[in-house]
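In this text, residue positions in the sequence shown follow the UniProt record's numbering: the first is 1, and each later residue adds one.
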Amino acid sequence: MLVNDLKTHHLITKLKEQTTAIIKDNLVGLYLHGSLVLGGYNPQVSDIDFIVVINKTRSSTGTGFIPD
């Protein structure tokens with residue numbers, strides 16, 4: 001994936017940094033998809049689609065991860 005738009009590149013970098021800081025060792029991966037990776041991305045009108053994959057499920061209250 002080549003991001004020619006500096007604002008988009010900065011946004012993706014911040015997303016990765018902040019997601020890693022919050023989820024820490026529970027993070028499996030952060031995956032971009034949609035127009036950005038398929039070549040139809042327009043920084044003026046497109047959104048950025050991403051999926052965050054984690055090792056453990058969060059609790060239904062959102063206060064933490066469910067222990068093993």
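Glycine included, C-beta positions come from ideal geometry on N, C-alpha and C.
Check: On the premise that PRO43 lies in contact with LYS7, defined as a C-beta separation below 8 Å, what is that separation, rounded to the nearest angstrom?; Outcome: 7 Å
Check: In chain order, what are the residue ranges of uninterrupted alpha helix (DSSP H) at least 4 long that sit wholly in the UniProt domain "Polymerase nucleotidyl transferase" (27-57)?; Outcome: 35-38
Check: Using the Cβ count rule (16 or more neighbours within 10 Å means buried), how would you classify LEU36?; Outcome: buried
Check: Have a look at HIS10 and ASN55 and give me their C-alpha separation to the nearest angstrom.; Outcome: 26 Å
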